[in-house]
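Those letters in the sequence shown? Residues 5 to 467, per the working numbering, in order.
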Amino acid sequence: MSQESDYSFEQKTNFIIFLTDDQGYNDVGCYGAKNIKTPNLDLMAKEGMRFTSFYAQPLCGPSRVALLTGSYPIRVAEPGNSKSFHPKLHPKEITIAEVLKTKGYRTACIGKWHAGETQVQMPLKQGFDYYYGTPKYNGNSKLIEQSPHRSHILRNNDTLMVVNTVEEMGQLTKKYTKEAINFIKRNKTSPFFLYLAHNMPHVPISASEQFRGKSEGGLYGDVIKELDWSMGEVLKTLREEGLEENTLVIFVSDNGPWIEEKIGDHAGSAFPLRGSKAQTWEGGVRVPAIMRWKGKIEEGLVNDELVTTMDFLPTFSEISGAKISQELTIDGKSFNDVIQNNGNSKHDKFYYYAYTHLQGVRDDQWKLVIPRVEKPGYMKWRGRKIDAVKEIQLFNLKNDKEEQHNLAYQNPEKVKELMALMEAGRIELGDHDVIGEGARFFDNDTKTKRIEEFNKWKNNIKE
């Protein structure tokens with residue numbers, strides 16, 4: 005993609021995505037949190053737009069890949085033509101950063117990457133000028149000592165330190181915030197895109213000494229309080245540098261809260277939604293999202309339109325004037341009209357994938373969930389959170405976002421209509437046992453590895 009030669013600052017819009025990890029729908033004050041105080045996020049909602057039907061993917065890696073590429077993860081190409089449970093970006097995939105660089109944007113990824121670990125899959129090879137953060141995560145346990153994983157903090161390609169202790173984990177939010185503020189100040193006379201992806205509140209959680217024991221919500225509340233402080237520091241910097249009116253700031257979580265016995269009280273809440281991270285019930289994929297853009301987004305609005313993280317790429321493209329190749333198929337839709345004119349979403353459907361397994365579809369306010377087995381064999385340990393669905397489920401999310409009332413028997417025509425949408429999704433995007441016609445494969449042995457994986461998985465399925 006060619007890059008603009010004229011770098012004169014023309015008051016182009018800056019973009020900031022402030023992403024948190026495993027923060028639940030109910031883990032923000034303005035979303036109903038009781039013991040967690042988030043004054044900066046609440047003020048951001050008061051000065052901007054708060055979304056109540058905003059969707060991500062149900063897990064960390066897939067969610068990040070969708071956000072960066074504007075596509076369902078199962079569509080996105082991976083090295084070796086795989087379609088992994090936890091996808092890794094192929095170097096030929098086009099990201100938000102690469103699109104914006106064609107318009108002279110300075111780009112930075114600060115925080116958790118988790119979209120590939122080899123050098124060719126890292127941020128500097130995916131359109132980012134600067135990177136500071138951890139390539140992946142620090143395990144799945146409450147205590148860092150219980151995890152075999154260790155995060156390395158990198159600056160660009162250089163390792164600065166290994167995160168070995170809970171105290172060191174507790175410094176990440178402050179480190180990332182400092183880096184983000186410095187990036188904004190360094191690039192205040194250039195258009196910029198800042199992707200600030202915090203590790204918290206993914207376990208093992210920790211807060212800095214300034215915030216430990218300072219909330220009513222235990223350690224988890226302390227962590228959220230510090231994240232709220234981080235957002236406050238970013239907003240304060242924009243105000244001090246005179247950048248509020250030409251910066252679109254987005255707060256969003258990557259998926260629902262991780263609710264599992266071994267996590268205990270180190271997890272958040274998706275109340276009143278059903279389910280959690282790794283599930284396609286609303287609690288796993290419907291996330292808190294707030295946007296502020298002084299003078300462009302009307303203050304104090306609450307929006308129930310269907311919007312997704314896949315929409316960032318086309319929205320930023322429209323606002324910045326950057327072109328997306330017509331040869332590139334994406335699934336996101338621009339929400340520029342939603343935020344600037346309180347218009348309607350351009351989405352006519354949303355597919356619910358758990359890893360590579362298509363489990364449901366939403367059309368307007370109707371959601372269809374198809375039958376599935378508990379803990380499917382082909383998912384191995386990753387499927388431990390997948391619960392059984394014995395019959396087709398149909399929910400009207402406008403009246404029942406808690407997904408408690410199955411209306412399938414009363415609405416056979418709607419079921420038939422949504423089943424046709426499901427089949428269209430299987431054909432175009434794919435499923436755990438189907439190669440999608442629109443799925444991207446960039447390597448020479450096209451689809452070979454994918455087919456081998458399918459055969460392997462089929463042999464492991466336990467009905």
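All residues carry an ideal CB built from backbone N, CA and C; glycine is no exception. What you are looking at is a predicted structure, and each value in this text was computed from that prediction instead of being measured.
Pairwise C-alpha distance: residue j and residue i
| i | j | result |
| --- | --- | --- |
| F197 | D315 | 15 Å |
| L200 | I21 | 6 Å |
| R388 | A326 | 42 Å |
| H90 | N250 | 35 Å |
| W370 | V256 | 24 Å |
| M126 | D335 | 23 Å |
| G440 | A424 | 16 Å |
| T193 | D162 | 27 Å |
| Y109 | T17 | 10 Å |
| E303 | L231 | 22 Å |
| T333 | A443 | 9 Å |
| A60 | H206 | 16 Å |
| Q130 | P416 | 46 Å |
| F132 | I209 | 27 Å |
| I2 | Q15 | Because the chain is modelled from 5 through 467, residue 2 falls outside the range shown and cannot be assessed. |
| G279 | R190 | 42 Å |
| G137 | G84 | 26 Å |
| G33 | S57 | 17 Å |
| F19 | G429 | 31 Å |
| F445 | L239 | 40 Å |
| G260 | S86 | 26 Å |
| P375 | I390 | 12 Å |
| K300 | K107 | 21 Å |
| Q414 | K394 | 17 Å |
| D352 | I188 | 36 Å |
| Q283 | P62 | 6 Å |
| H409 | P276 | 14 Å |
Closest residue to residue i among the options (Cα-Cα distance)
| i | options | result |
| --- | --- | --- |
| M426 | E407, F446, R366, D391 | R366 |
| T169 | A211, N191, L422, A358 | A211 |
| D447 | L93, K394, P43, C64 | L93 |
| S321 | K105, L63, G65 | K105 |
| G236 | G36, K41, A37, P276 | K41 |
| N160 | N345, V124, I78, T99 | V124 |
| W297 | G246, S273, L277 | G246 |
| S329 | T99, R243, D269, E82 | T99 |
| N340 | E331, Y355, Y356, I323 | I323 |
Residue i at chain B interface by Cβ criterion, 9 Å
| i | result |
| --- | --- |
| K337 | Reference to chain B is not applicable here, since this structure consists of a single protein chain. |
Whole-Å CB distance - residue i paired with residue j, under 8 Å assumed
| i | j | result |
| --- | --- | --- |
| M295 | I228 | Rounded, the Cβ-Cβ distance is 19 Å, inconsistent with contact. |
| M204 | D25 | 6 Å |
| P318 | S349 | The pair is not a contact, with the Cβ atoms about 12 Å apart (cut-off 8 Å). |
| V80 | E97 | 6 Å |
| A392 | E378 | 4 Å |
| L372 | L422 | 4 Å |
| G225 | S234 | Not really, about 15 Å apart at Cβ, beyond 8 Å. |
| Y141 | C64 | 7 Å |
Helix, strand or coil at residue i [DSSP, three-state]
| i | result |
| --- | --- |
| T73 | helix |
| S86 | coil |
| M295 | strand |
| Y4 | Within the shown structure, residues of the chain are numbered from 5 to 467, placing residue 4 beyond reach of any answer. |
| N400 | strand |
| K146 | The predicted model places K146 with a pLDDT of 48, which falls under 50 and marks its position as unreliable; any figure quoted below should be read in that light. Coil at K146, not helix or strand. |
| Q363 | strand |
| R216 | coil |
| L158 | strand |
| W233 | helix |
| M204 | coil |
| D341 | helix |
| Y109 | coil |
| F196 | strand |
| T312 | strand |
| I374 | coil |
| R444 | coil |
| V167 | strand |
| N415 | coil |
| Y29 | coil |
| Y141 | coil |
| N250 | helix |
| M426 | helix |
| K16 | coil |
| L305 | strand |
At least 3 beta-carbon pairs within less than 8 Å: the stretch 385-400 vs the stretch 296-316: Remark: fewer than three beta-carbon pairs, one from each stretch, lie closer than 8 Å, so the stretch 385-400 and the stretch 296-316 are not flagged as touching.
Three or more C-beta pairs below 8 Å linking the stretch 362-382 and the stretch 429-438: Short answer: they touch.
The stretch 114-129 contacting the stretch 179-189, beta-carbon criterion three pairs below 8 Å: Verdict: yes, contact present.
Three-pair Cβ contact test at 8 Å for the stretch 279-295 versus the stretch 20-34: With a cut-off of 8 Å on Cβ pairs, the stretch 279-295 is in contact with the stretch 20-34, counting three or more such pairs.
Segment contact flag, the stretch 40-47 with the stretch 70-84, C-beta cutoff 8 Å, min 3 pairs: No contact exists between the stretch 40-47 and the stretch 70-84.
Segment contact, 8 Å Cβ cut-off, at least three pairs: the stretch 51-60 with the stretch 291-305: Between the stretch 51-60 and the stretch 291-305 there are three or more C-beta pairs closer than 8 Å, enough to call the two in contact.
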